[in-house]
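Following numbering that gives the first Met the number 0, the numbering of the sequence shown begins with 0 at its first residue and continues without gaps. Glycine included, each C-beta is placed from N, C-alpha and C at the ideal position. Treat the numbers as computed from the prediction; the structure is a model and nothing was measured. As structure tokens, the structure follows; a few thoughts come after it.
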Amino acid sequence: MRYKFKKYIVLIVACLPVIFTGCGKPSLKNSETLPKQMIFTENVNYQRQNYIARDFPSTLRLIKDKSINGVATPNLGLFNNHIFITTLTGYLSIIPMDNIGKNRKTKLSKGMSAASTLYGDNLFIPMVEGSTGLQVYNIKSGKIIWELKGHYSQSSPVVVNDLVYHADHQGEILCLNAENGHKEWQTNLDDQMYNNLIYVNDHLIAISQNGQIQFYDPSFGVVHLVKNIDDFVYAQAIAVNQSLYIISYHGLLYGLNLKSGYLSQLDNFKIKAYSSLSSDGQSLLIPLSDGTLICRNIESKNKTWSIKLSGPVSCPVLITNNHAIAATSQKYLYVIDKHNGKIVQEIKTDGRMNAPPIFDEKNVVICYEYDKIALYRSTGEKNGAVQD
Numbered sequence: 000m001r002y003k004f005k006k007y008i009v010l011i012v013a014c015l016p017v018i019f020t021g022c023g024k025p026s027l028k029n030s031e032t033l034p035k036q037m038i039f040t041e042n043v044n045y046q047r048q049n050y051i052a053r054d055f056p057s058t059l060r061l062i063k064d065k066s067i068n069g070v071a072t073p074n075l076g077l078f079n080n081h082i083f084i085t086t087l088t089g090y091l092s093i094i095p096m097d098n099i100g101k102n103r104k105t106k107l108s109k110g111m112s113a114a115s116t117l118y119g120d121n122l123f124i125p126m127v128e129g130s131t132g133l134q135v136y137n138i139k140s141g142k143i144i145w146e147l148k149g150h151y152s153q154s155s156p157v158v159v160n161d162l163v164y165h166a167d168h169q170g171e172i173l174c175l176n177a178e179n180g181h182k183e184w185q186t187n188l189d190d191q192m193y194n195n196l197i198y199v200n201d202h203l204i205a206i207s208q209n210g211q212i213q214f215y216d217p218s219f220g221v222v223h224l225v226k227n228i229d230d231f232v233y234a235q236a237i238a239v240n241q242s243l244y245i246i247s248y249h250g251l252l253y254g255l256n257l258k259s260g261y262l263s264q265l266d267n268f269k270i271k272a273y274s275s276l277s278s279d280g281q282s283l284l285i286p287l288s289d290g291t292l293i294c295r296n297i298e299s300k301n302k303t304w305s306i307k308l309s310g311p312v313s314c315p316v317l318i319t320n321n322h323a324i325a326a327t328s329q330k331y332l333y334v335i336d337k338h339n340g341k342i343v344q345e346i347k348t349d350g351r352m353n354a355p356p357i358f359d360e361k362n363v364v365i366c367y368e369y370d371k372i373a374l375y376r377s378t379g380e381k382n383g384a385v386q387d
């Protein structure tokens with residue numbers, strides 16, 4: 000029996016001054032070209048760590064919510080006070096952070112389920128329906144640069160050194176020129192995969208739903224390491240401090256040394272797991288299907304704290320400088336002190352969140368089922384959530 004679980008993205012971008020242009024497809028105009036090193040993707044980075052080195056705003060008050068005409072995948076991006084959102088129904092929207100009522104959108108495909116990746120001034124968008132599996136959308140001009148036919152994908156692409164690595168749901172992995180889509184190489188994992196494409200230390204790592212792990216040379220696609228876990232893997236793996244951490248469907252936590260290739264079992268929680276791991280480099284956050292959230296110290300390998308939430312998380316846990324942000328399927332948003340596991344804010348939302356929030360110094364934006372976006376604003380108080 001095969002299970003499939005949808006996971007989503009957070010894109011956090013700080014960039015040059017931008018303004019809306021034109022009245023057609025949504026686009027942004029900059030006074031200068033966006034720097035090539037600006038790369039943002041699912042789970043924040045290509046190590047898929049779900050970590051943002053900023054302080055999360057204190058006590059929040061709901062300001063407004065609006066419809067976005069579809070369930071967000073969501074690919075939430077903050078681009079100098081403008082939000083990027085893509086939806087399961089194939090729309091791309093650009094919305095001001097402080098005025099979520101101004102929604103400019105365009106229909107790009109019949110369907111999307113994985114996160115887009117921003118590289119330079121192009122958005123690389125994986126798709127699951129229609130004739131196209133990957134579309135490259137220029138956020139300055141609002142034009143489609145090139146498309147890849149077929150190769151439907153449920154994985155966020157990796158774009159490094161002007162090359163894009165695209166994994167389709169059947170395990171085909173393609174390396175394409177990021178500017179024109181020319182194919183450099185192609186290989187096959189020979190197994191289905193979903194949202195488990197990682198790039199770290201010049202390794203391209205793919206993990207299948209049946210627990211196969213392969214390391215590729217990103218230049219030529221040559222396989223130089225193969226490992227196997229005897230279990231399903233539905234949670235996004237994570238690379239931290241020269242190790243790759245993987246949790247299997249039946250709750251077994253594995254660590255793979257990126258230098259030696261040694262794979263070991265670190266723990267057995269004996270509870271099913273299908274949600275992404277998260278890390279700030281010091282701790283590993285492990286969400287389990289019964290609503291338990293465990294914080295494990297990476298260096299000592301000891302449990303720092305454990306907390307039981309209202310239910311399983313509905314999207315990856317976001318870690319900031321001071322907090323861990325968790326949303327559950329029971330429609331609660333928790334702001335947790337990441338050092339001791341204490342809940343410092345708790346918000347009841349009108350729907351189940353399907354992506355971690357995005358935020359600036361005072362605003363927090365969330366998307367929740369089935370088609371809503373909501374803006375919260377900090378009251379400046381230290382503790383306790385405030386809602387109207």
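heavy atom of the ligand NAD below 7 Å from residue i C-beta
i	result
Leu283	In the structure shown, the ligand NAD is absent, as is every other ligand, since no ligand is present at all.
Exposure of residue i, with buried meaning 16 or more beta-carbon neighbours within 10 Å
i	result
Glu298	exposed
His150	buried
Glu360	exposed
Asn179	exposed
Asp391	Only positions 0 to 387 of the chain appear in the structure, and residue 391 is not among them; the question remains open.
Gly141	buried
His181	exposed
Asn275	Per the sequence shown, the amino acid found at residue 275 is Ser instead of Asn. Per the 10 Å Cβ criterion, buried.
Val222	exposed
Gln264	exposed
Gly132	buried
Gln36	Residue placement at Gln36 cannot be trusted, given a pLDDT of 33 that sits under 50; the coordinates are not used to answer.
Asn102	buried
Lys24	buried
Residue range of the unbroken beta strand (DSSP E) whose run includes residue i
i	result
Pro95	90-95
Tyr333	331-336
Lys104	103-106
Ser305	302-307
Ser242	242-246
Glu298	Taken as a continuous stretch (DSSP letters only), Glu298 belongs to no beta strand (DSSP E), as it is neither H nor E.
Lys65	59-66
Gln344	342-347
Pro125	121-125
Ala114	Here Ala114 belongs to no beta strand (DSSP E), and DSSP marks it neither H nor E.
Ala238	237-239
Leu374	371-377
Tyr215	211-215
Tyr50	Element bounds for Tyr50: n/a, residue is neither H nor E.
Ile228	Careful: Ile228 lies outside any beta strand (DSSP E) and carries neither H nor E.
Ile365	362-367
Ile99	Careful: Ile99 lies outside any beta strand (DSSP E) and carries neither H nor E.
Phe219	Per DSSP, Phe219 belongs to no beta strand (DSSP E) and is neither H nor E.
Thr85	81-85
Ala323	322-326
Chain-order list of residues whose beta-carbon lies under 8 Å from that of residue i (same chain, five-residue window excluded)
i	result
Trp184	Leu173, Cys174, Phe219, Gly220
Asn227	Gly210, Gln211, Ile212
Asp64	Ile99, Asp349, Lys371, Ile372, Ala373, Leu374
Leu257	Val199, Asn200, His202, Ala238, Gln241, Ser242, Leu243
Asp97	Asn80, Asn362, Leu374
Residues of its chain near residue i, where Cβ-Cβ distance is below 6 Å and the 5 sequence neighbours each way are ignored
i	result
Glu128	Lys109, Gly110
Lys307	Gly290, Thr291
His202	Phe214
Gln46	Val199, Ala238
Leu33	Only weak support exists for where Leu33 lies, its pLDDT of 42 falling under 50; the coordinates are left without a value.
Asp190	Gly170, Ser207, Asn209, Gln211
Asn44	none
Tyr90	Gly69, Lys104, Lys106
CB-CB length for residue i against residue j, believed under 8 Å
i	j	result
Ala323	Ile335	4 Å
Gln241	Asn195	That belief does not hold up - the Cβ atoms of Gln241 and Asn195 are roughly 19 Å apart, past 8 Å.
Ile357	Ile94	Contact doesn't hold; Cβ gap of about 11 Å is too wide.
Thr88	Gly69	4 Å
Asp266	Ile318	Not quite, the Cβ-Cβ distance comes to about 19 Å (not below 8 Å), so this is no contact.
Leu224	Gly250	That pair is no contact at about 25 Å.
Met352	Ile365	6 Å
Tyr233	Tyr253	With 8 Å as the limit, Tyr233 and Tyr253 do not qualify as a contact, their Cβ atoms being about 14 Å apart.
Cβ shell of residue i (< 7 Å), same chain only, five flanking positions each side left out
i	result
Lys3	No answer about Lys3 holds up, because its pLDDT of 40 lies below 50 and its placement is not dependable.
Thr303	Ser282, Cys294, Arg295, Asn296
Val363	Pro56, Leu59, Pro356, Tyr375
Asn137	Asp120, Asn121, Ile144
Pro52	It is Ala, not Pro, that sits at residue 52 in the sequence shown. So the list reads Asn320, once near-sequence residues are dropped.
Ser288	Ile270, Lys271, Ala272, Tyr273, Pro311
Ser388	Nothing in the structure corresponds to residue 388, since the chain is present only between 0 and 387.
Ser112	Lys5, Thr72, Leu87, Val127, Gln153
Just list the beta strand (DSSP E) runs in the region 250-281, keeping only unbroken ones of 3 residues or longer that don't cross its boundaries, in chain order. 251-256, 262-267
Just list the beta strand (DSSP E) runs in the region 130-203, keeping only unbroken ones of 3 residues or longer that don't cross its boundaries, in chain order. 131-137, 143-148, 157-159, 162-166, 171-176, 182-187, 196-199
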